[in-house]
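Protein chains in written order, with my numbering: chain A, 7 to 579; chain B, 35 to 206.
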């Protein structure tokens, strides 16, 4: 104890710190648990200080993997994922991840190295105009011009990344600023007059919405990722149960409401289920909570919810009325709005007929596939995974058919168990994102459900999984093709399979073994039973190469340009 | 339809880039944009003239602009009582023979000759965009060699006709 006091005293006397030290001090202050970073010339001074830091540093094998891992971490924890990369190529390698985080509203604080201030603008070695490049794909970005600004900029960046509608913030640090030394500047309060997110809903709009609910004959809640961002799943459940309103999910909103709940209708959208899509189509009141009416959800806007009054709760006013005309706009945090709605007194709802119809559809039109003894169906694999993990695993996916099957067949009971690239649809996202997810929840079993295409976009991150010994079960639904592209070519391009079938594929098992990760090829249901029983018991990473039926398509499907009521591939049970 | 939007923004590096970027990202068409200091230190005023198809687009533009952290205030002033001015410099061919004839055009427009060359004049004109358009049309027959326009800058008049005409953009 005495020793500790002595230490702080010396610190207080000796207040001069370098830019890099200020940076790490600020990160500790923000309680950062993990940095995903890749060193290089311009960030060498920062890395010299990271060498002594207590914060866990994870070295991805490519910067893109680093930022996707940070996204996975942010999705599960709600805390900002922190990334440090060098200037030039290091910085440009994270552009995809920034765009992905921007469109899916994930909080990130990203540090990029920059060439020294004296040579900025001279096309110096590894110089890139990263501020210019990332302006449209960040919520905000900074270049540090004075070393004294470092603590304040970092504080502000964490605030901006996590408040309001979350998003990525980038801080560009020239090398000479990282090495310069200064006295520790005094702490300043955050003052951003141009940035005041509205959290509390307008009372009149809440009243209007309550009245609309009591009048509605066919109400439906559309729950988006905003419910998860504002940690409002308890309130959503309470409100839905109080008013007896059924809930439809967006792809990114899965887990915000328990899938097994009586009021849950499942996912809507291009590959959503019949009941969810038809509920939106037939509805007379859609209460959108934190979803942005993406085109993959709505289908052709002309046919979207023709009879519905639309209410939209969103923390970002720009999302309200952007795609769908909205009669009841509520700018607020989802949780605050739901708390207000729960507290309102309204007439009891009167839509029993509607619930009866929906319950009928749910039984009549579930997701269906034809199981077949000769081939392994991807849907079957996901059903098995769901049953064997009790719906309790974190599921991380890449982009494509496997992503849609995972969304359809893994029935999430809890919030923040689902990590996927929604808005941008980034292939290569899944494997690295699973690393971030595994670090975010150390007790969870993580299923990285990937396609054989997306897996090959970021395979190098297997090294990180081995190095950190993460309990990630890599599930490759291998159809030896870029399945979703192949499906579209089959349906819309007269089966002209242009570059969508992968003629040459490595042995994924051998590849895993090269990283000292155990791998299995699984070609039958029986084998799947046997292997899953074994590998889900332990905390070891493993790669499972499921050789699925290569001709399987994702259904139902709303063809591009079609309305939400024009699904194909709907089968009656 | 043409709309005039004024913004006050923090005078920070990259702000103008963020704003113009937003216009191109969202596929909005800027007709003109002017930037300069305002009455408050470190705050700049931007005036944008945009051409939009309908009210929904202008609502999106203002919301997207408002979302920017460095944007302090956004106002669509198109339907209010405003002062809007633009400046143009026109270099036009002129001989001693037709100078007095040209003067007769310059005077009613309250334009002024700011430079006289051997066979050219530089005329400066300020006013609303329509007036400048009209003057340029008049100068065209003489042969315009160079033309530079600043784009409109504008703000609200001290007295508005009636307060209920102020269009509320924010739905907060």
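Cβ coordinates follow ideal geometry from the N, Cα and C atoms, glycine included.
Residue 39 of chain B and residue 83 of chain B - do their beta-carbons sit closer together than 9 angstroms? Your numbering for residue 83 of chain B matches position 49 in the second chain. Your numbering for residue 39 of chain B matches position 5 in the second chain. Closer than 9 angstroms, so yes.
Segments assigned beta strand (DSSP E), at least 3 residues, entirely inside the region 391-442 of chain A: Segments of the beta strand (DSSP E) lying fully in the region 391-442 of chain A: 400-403.
Tell me, to the nearest whole angstrom, how far the beta carbon of residue 315 of chain A is from that of residue 291 of chain A; I am working on the premise that it is less than 8 angstroms. Mapped onto the first chain, residue 315 of chain A falls at position 309. Mapped onto the first chain, residue 291 of chain A falls at position 285. The distance from the Cβ of residue 315 of chain A to that of residue 291 of chain A is about 5 angstroms, consistent with a contact at the 8 angstroms cut-off.
Take residue 17 of chain A and list the residues in its own chain whose beta-carbon comes closer than 8 angstroms to its own, dropping the five residues that flank it on each side. As a working note, residue 17 of chain A is residue 11 in the first chain. Its pLDDT being 48, under 50, residue 17 of chain A is placed unreliably in this model, and the value from its coordinates should be taken loosely. Sequence-distant Cβ neighbours of residue 17 of chain A in its own chain, meaning closer than 8 angstroms and more than five residues away, do not exist here.
Please say whether residue 75 of chain A and residue 445 of chain A have beta carbons closer to each other than 9 angstroms? If you number the first chain from 1, residue 445 of chain A lands on position 439. If you number the first chain from 1, residue 75 of chain A lands on position 69. By the CB criterion at 9 angstroms, residue 445 of chain A and residue 75 of chain A fall inside the cutoff.
What is the C-beta distance between residue 325 of chain A and residue 302 of chain A, in whole angstroms, given that I count them as a contact (C-beta under 8 angstroms)? Start at 1 with the first residue of the first chain, and residue 325 of chain A comes out as number 319. Start at 1 with the first residue of the first chain, and residue 302 of chain A comes out as number 296. Your pair residue 325 of chain A and residue 302 of chain A does not check out as a contact, with CB atoms roughly 15 angstroms apart and the cut at 8 angstroms.
So if I threshold CB-CB distances at 9 angstroms, which residues from the region 134-145 of chain A count as touching chain B? For the region 134-145 of chain A, the beta-carbon criterion of a distance under 9 angstroms to any beta-carbon of chain B is satisfied by 137, 138, 141, 142 and 145.
Going by DSSP, what residues sit across from residue 178 of chain A in a beta bridge? Here residue 178 of chain A corresponds to residue number 172 of the first chain, with the count starting at 1. In the DSSP output, where bridge partners are listed per residue, residue 178 of chain A has A:118 and A:149.
Of the listed residues B:73, B:131, B:36 and B:152, nearest to residue 92 of chain B (C-alpha basis): For this step, residue 92 of chain B is matched to residue 58 along the second chain. Nearest of B:73, B:131, B:36 and B:152 to residue 92 of chain B, Cα basis: B:36.
With a Cβ-Cβ cutoff of 9 angstroms, do residue 212 of chain A and residue 347 of chain A count as a contact? The residue you call residue 212 of chain A lines up with position 206 of the first chain. The residue you call residue 347 of chain A lines up with position 341 of the first chain. Yes.
For residue 127 of chain A, count neighbouring Cβ atoms within 10 angstroms of its own Cβ and tell me buried if that reaches 16, exposed if not. Here residue 127 of chain A is taken as the residue at index 121 of the first chain, counted from 1. Exposed, by the Cβ-count rule.
Contacting residues, own chain, Cβ-Cβ under 7 angstroms from residue 245 of chain A (five flanking each side not counted): Taking the first chain and counting its residues from 1, the one referred to as residue 245 of chain A is at position 239. For residue 245 of chain A, where only same-chain residues beyond five positions count, the Cβ hits under 7 angstroms are 344, 347 and 348.
Limits of the beta strand (DSSP E) - the one that residue 158 of chain B falls within: Here residue 158 of chain B corresponds to residue number 124 of the second chain, with the count starting at 1. According to the DSSP assignment, residue 158 of chain B belongs to the beta strand (DSSP E) that extends over 154-161.
Identify the contact partners of residue 324 of chain A in chain B, using a Cβ-Cβ distance below 8 angstroms as the criterion. Stepping through the first chain from its first residue, residue 324 of chain A is reached at position 318. Under the 8 angstroms cutoff, chain B gives 94, 97, 98, 100 and 101.
Look at residue 483 of chain A and residue 407 of chain A and say whether their C-beta atoms are less than 9 angstroms apart. By 1-based counting over the first chain, the position of residue 483 of chain A is 477. By 1-based counting over the first chain, the position of residue 407 of chain A is 401. Going by beta carbons, residue 483 of chain A and residue 407 of chain A fall inside the 9 angstroms limit.
Run down chain B in chain order and give the residues with a C-beta less than 9 angstroms from the C-beta of residue 327 of chain A. Residue numbering aside, residue 327 of chain A sits at position 321 when the first chain is read from its first letter. Within chain B, the C-beta atoms nearer than 9 angstroms to that of residue 327 of chain A come from 90, 93, 94, 97 and 205, in chain order.
The region 179-190 of chain B: positions lying closer than 9 angstroms to chain A by Cβ: Listed by position, the residues of the region 179-190 of chain B near chain A (Cβ gap below 9 angstroms) amount to none.
In chain order, which continuous runs of the beta strand (DSSP E) of length 3 or greater are located wholly inside the region 232-288 of chain A? Correct list: 253-255 and 270-273.
Got a sec, what are the start and stop residues for the beta strand (DSSP E) residue 37 of chain B sits in? The residue you call residue 37 of chain B lines up with position 3 of the second chain. Secondary structure note for residue 37 of chain B: its beta strand (DSSP E) is the uninterrupted segment 36-44.
Name the DSSP beta bridge partners of residue 119 of chain B, please? Walking along the second chain from the start, residue 119 of chain B turns up at place 85. Its beta-bridge partners are B:187.
Given residue 387 of chain A, which residues of its chain have a CB within under 6 angstroms of its CB, disregarding the five upstream and five downstream residues? By 1-based counting over the first chain, the position of residue 387 of chain A is 381. The beta carbon of residue 387 of chain A sits closer than 6 angstroms to those of 552, all from its chain and outside the five residues before and after it, given in chain order.
Those runs of the alpha helix (DSSP H) which lie wholly inside the region 45-121 of chain B and span at least 4 residues: If only complete runs of 4 or more residues are kept, the region 45-121 of chain B shows the alpha helix (DSSP H) at 49-59 and 89-101, in order along the chain.
Output the distance between the C-alpha atoms of residue 90 of chain B and residue 243 of chain A, rounded to the nearest integer angstrom. As a first step, residue 90 of chain B must be located in the second chain, where it is residue number 56. As a first step, residue 243 of chain A must be located in the first chain, where it is residue number 237. Taking the straight line joining both Cα atoms gives about 34 angstroms.
Report yes if the C-beta distance between residue 576 of chain A and residue 562 of chain A is below 9 angstroms; otherwise report no. On the first chain, residue 576 of chain A is found 570 positions in, with the first residue counted as 1. On the first chain, residue 562 of chain A is found 556 positions in, with the first residue counted as 1. The answer is yes: Cβ separation under 9 angstroms.
Can you tell me which of A:171, A:438, A:142 and A:182 puts its alpha carbon nearest to the alpha carbon of residue 120 of chain A? Here residue 120 of chain A is taken as the residue at index 114 of the first chain, counted from 1. Of the candidates A:171, A:438, A:142 and A:182, the residue whose Cα lies closest to the Cα of residue 120 of chain A is A:182.
Got a sec: is the Cβ-Cβ distance from residue 216 of chain A to anything in chain B below 9 angstroms? As a working note, residue 216 of chain A is residue 210 in the first chain. False, the Cβ-Cβ gap to chain B never drops below 9 angstroms.
Proximity test, Cβ basis, 9 angstroms: residue 52 of chain B and chain A: Position 18 of the second chain, counting from 1, holds the residue named residue 52 of chain B. It does: the Cβ of residue 52 of chain B has a partner Cβ on chain A nearer than 9 angstroms.
Between which two residues does the alpha helix (DSSP H) containing residue 461 of chain A stretch? The sequence position of residue 461 of chain A within the first chain is 455, counting from 1. Taken as a continuous stretch (DSSP letters only), the alpha helix (DSSP H) holding residue 461 of chain A covers 458-461.
With 8 angstroms as the limit, tell me which residues of the region 53-76 of chain B have their beta carbon closer than that to any beta carbon of chain A; keep them in chain order. Correct list: 55, 56 and 59.
Whether or not the region 56-65 of chain A and the region 419-429 of chain A are in contact is what I'm after, with contact meaning three or more pairs of Cβ atoms, one per stretch, closer than 8 angstroms; do they touch? No: fewer than three Cβ pairs fall under 8 angstroms.
Using 10 angstroms around the beta-carbon of residue 197 of chain A, count the other beta-carbons present and answer buried if the total reaches 16, otherwise exposed. Reading the first chain from its first residue, position 191 is the one you call residue 197 of chain A. The residue is exposed, with fewer than 16 neighbouring Cβ atoms inside 10 Å.
Using a Cβ-Cβ distance cut-off of 9 angstroms, determine whether residue 347 of chain A contacts chain B. Position 341 of the first chain, counting from 1, holds the residue named residue 347 of chain A. By this cut-off, residue 347 of chain A is not an interface position.
Please list, in chain order, the chain A residues whose beta carbon lies closer than 9 angstroms to that of residue 48 of chain B. Translated into positions along the second chain, residue 48 of chain B becomes position 14. Identification of chain A residues near residue 48 of chain B by a Cβ-Cβ cut-off of 9 angstroms yields 137, 138, 141, 147, 148 and 149, ordered along the chain.
Check whether the Cβ atoms of residue 96 of chain B and residue 110 of chain B sit closer than 9 angstroms, and answer yes or no. Working through the second chain from its first residue, we reach residue 96 of chain B at position 62. Working through the second chain from its first residue, we reach residue 110 of chain B at position 76. Between residue 96 of chain B and residue 110 of chain B, the C-beta spacing is below 9 angstroms.
I'd like the ranges of any beta strand (DSSP E) spanning at least 3 consecutive residues and lying wholly in the region 299-330 of chain A. Those beta strand (DSSP E) runs which fall completely within the region 299-330 of chain A and span 3+ residues are 315-320.
Please list the terminal residues of the continuous beta strand (DSSP E) segment that includes residue 90 of chain A. The count along the first chain starts at 1 and reaches residue 90 of chain A at position 84. In the DSSP assignment, residue 90 of chain A falls within the beta strand (DSSP E) that extends over 87-91.
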